[in-house]
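J.:
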Amino acid sequence: MDMEKVHILDHPLLQHKLSILRDETTGVKEFREVVSEVASLMCYEATRDLPLEEVEIKTPITTARFNSIAGKKLAIVPILRAGLGMVEGILTLIPSVKVGHIGLYRDPQTLQPVEYYCKMPTDIAERDVIILDPMLATGGSASAAIQFIKNYDVKHIKLMNIIAAPEGVERVHKDHPDVEIYCAALDQCLNDHGYIVPGLGDAGDRIFGTK
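Residue numbering for the sequence shown follows the numbering used here, beginning at 161 and increasing consecutively.
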């Protein structure tokens, strides 16, 4: 597996919070809150390459030049529905970021992802995009979402997942070698039902309290 474009974020705080998410006894409220916190922590690394520019600022003591983000335009695009759980954590850090949404389902005949909902900011082509989905399992939905967003002429896309499976990473790398993946853990494999092992179960069900 080519790990050059995979960033596994092993910060102790992230790993601790990830253990809470993995625990089957963690309730809906805490699970939802911790997903948001994890997304917030991961956002630091995923935006590490934002360019800076010097601006002049008057402090209470003197006037000097300091670094400020150089007007780079960002958008986040959660994959419905589980990706919604990661949005609030990023908005707390970057309140001005624009949010697109993409909904996918798997066609029961072809087993291919089909877009059922897609709403993007009007200036999405001018923005760097971070796609959000807690789990990167087979990689089919992530790969399809990346392609749908590329169809809007977006040039720079990152994928942020809390947990990834090797199969999903391979699929995304094969289809989109230009996309960097940020995750808090790269787990062992997928089971026969397509769930990540050891994983944390169905992220959407655990965020929204459904079965």
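Even for Gly, the Cβ is constructed at its ideal location relative to N, Cα and C. Given the structure is predicted, the values throughout are model-derived calculations rather than measurements.
Cutting at 6 Å between CB atoms, please list the residues of its own chain near A199, excluding the five before and the five after it.
T.: M246, G249 and I250.
J.: Let me confirm a value: Y342 is counted as buried when at least 16 other C-beta atoms fall within 10 Å, else exposed. Which label applies?
T.: Flag for Y342 reads buried.
J.: Cutting at 6 Å between CB atoms, please list the residues of its own chain near Y265, excluding the five before and the five after it.
T.: Correct list, in chain order: V274 and Y276.
J.: State whether the segment 301-315 contacts the segment 279-290, with contact taken as three or more CB pairs (one from each stretch) at a distance under 8 Å.
T.: With the cut-off at 8 Å, the segment 301-315 and the segment 279-290 touch.
J.: So, is I239 buried or exposed, given that buried needs 16 or more other C-beta atoms within 10 angstroms?
T.: So I239 counts as buried.
J.: Assuming G328 and A297 are in contact, meaning their beta carbons sit under 8 Å apart, how far apart are those beta carbons, in whole angstroms?
T.: So it is a contact: roughly 5 Å between Cβ atoms.
J.: Measuring CB atoms only, is the segment 216-223 touching the segment 185-205, in the sense that at least three cross pairs come out at less than 8 Å?
T.: With the cut-off at 8 Å, the segment 216-223 and the segment 185-205 do not touch.
J.: Look at the Cβ atom of A230, then the Cβ atom of E213, and state whether they are nearer than 8 Å.
T.: Yes; because the gap between Cβ atoms is below 8 Å, this pair is in contact.
J.: For T270 and M163, what's the separation of their Cα atoms in angstroms?
T.: Rounded to whole angstroms, T270 to M163 spans 30 Å at the Cα level.
J.: Return the first residue and the last residue of the alpha helix (DSSP H) that R266 is part of.
T.: No alpha helix (DSSP H) contains R266, which is instead part of the beta strand (DSSP E) from H261 to R266.
J.: Going by Cα to Cα distance, which pick from D293, V188, G243 and V195 is closest to H176?
T.: Checked all of D293, V188, G243 and V195; the closest Cα to H176 is V195.
J.: Answer with buried or exposed for S143, where buried requires no fewer than 16 other C-beta atoms within 10 angstroms of its C-beta.
T.: What is shown of the chain runs 161 to 371, which leaves residue 143 out entirely.
J.: I'd like the list of long-range same chain contacts for E197, defined as Cβ closer than 7 Å, with 5 residues on each side in sequence excluded.
T.: Counting only Cβ-Cβ distances below 7 Å, and skipping sequence neighbours, we find K177 and G249.
J.: Based on DSSP bridge pairs, tell me the residues matched to F226.
T.: Looking at the DSSP assignment, F226 forms a beta bridge with V215.
J.: Go ahead and pull the three-state DSSP assignment for Y355.
T.: Y355 falls in the coil class under three-state DSSP.
J.: DSSP state of D288, grouped into three classes?
T.: In the structure shown, D288 sits in a strand (DSSP, three-state: E or B).
J.: Return the CA-CA distance between H353 and D362, expressed in angstroms with no decimal places.
T.: Roughly 11 Å between the two C-alpha positions.
J.: Quick one: is F226 buried, meaning 16 or more other Cβ sit within 10 Å of its Cβ, or exposed?
T.: Looking at its Cβ environment, which holds fewer than 16 other Cβ atoms inside 10 Å, F226 is exposed.
J.: Name the residue from D338, I180 and D283 whose alpha carbon lies nearest to the alpha carbon of Q307.
T.: Comparing Cα-Cα distances from Q307 to each of D338, I180 and D283, the minimum goes to D338.
J.: Pick out whichever of H333, A304 and R366 has its Cα sitting closest to the Cα of D267.
T.: Considering only alpha carbons, the answer is A304.
J.: Under 8 Å, do R372 and G364 count as touching if we go by C-beta distance?
T.: This structure cannot speak to residue 372, because the chain is shown only from 161 to 371.
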